[in-house]
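If you read the sequence shown in our numbering, its first letter stands for residue 545, the second for the next number, and so on.
Even for Gly, the Cβ is constructed at its ideal location relative to N, Cα and C.
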Amino acid sequence: MAKIYYEKDAKLELLKGKTVGIIGFGSQGHAHAQNLRDSGCQVIVAEAKDTEGWKGAKKAGFLVTDATEVA
545 MAKIYYEKDA
555 KLELLKGKTV
565 GIIGFGSQGH
575 AHAQNLRDSG
585 CQVIVAEAKD
595 TEGWKGAKKA
605 GFLVTDATEV
615 A
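Take a look at the structure:
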């Protein structure tokens, strides 16, 4: 049976101040990037230059670069 985790099970202070790279800014990447930023992480988004994802991430205030820089 699957284990369900709740907010009380996590120690978000372990992530605060860390830098996290998100590859892609589609429906999943967008949500993860915002959640991580809200949890105190610095988020760098990797997207292909001048795509809708690139533009959306920039508009949302994220540092955006290509995947080779995030790795």
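Each residue's CA atom was taken as its position, placing residue 583 and residue 612 some 25 Å apart. In the DSSP annotation of this structure, the continuous segment of the alpha helix (DSSP H) that includes residue 580 starts and ends at 571-582. For residue 585, the closest C-alpha among the options 547, 545, 606 is that of 606. With the rule of 3 Cβ pairs closer than 8 Å, the stretch 586-601 counts as touching the stretch 558-568. In this chain, the alpha helix (DSSP H) harbouring residue 612 covers 611-614. Close CB contacts of residue 609 within its chain, under the 7 Å cut and outside five residues either way in sequence, are with 588, 590 (chain order).
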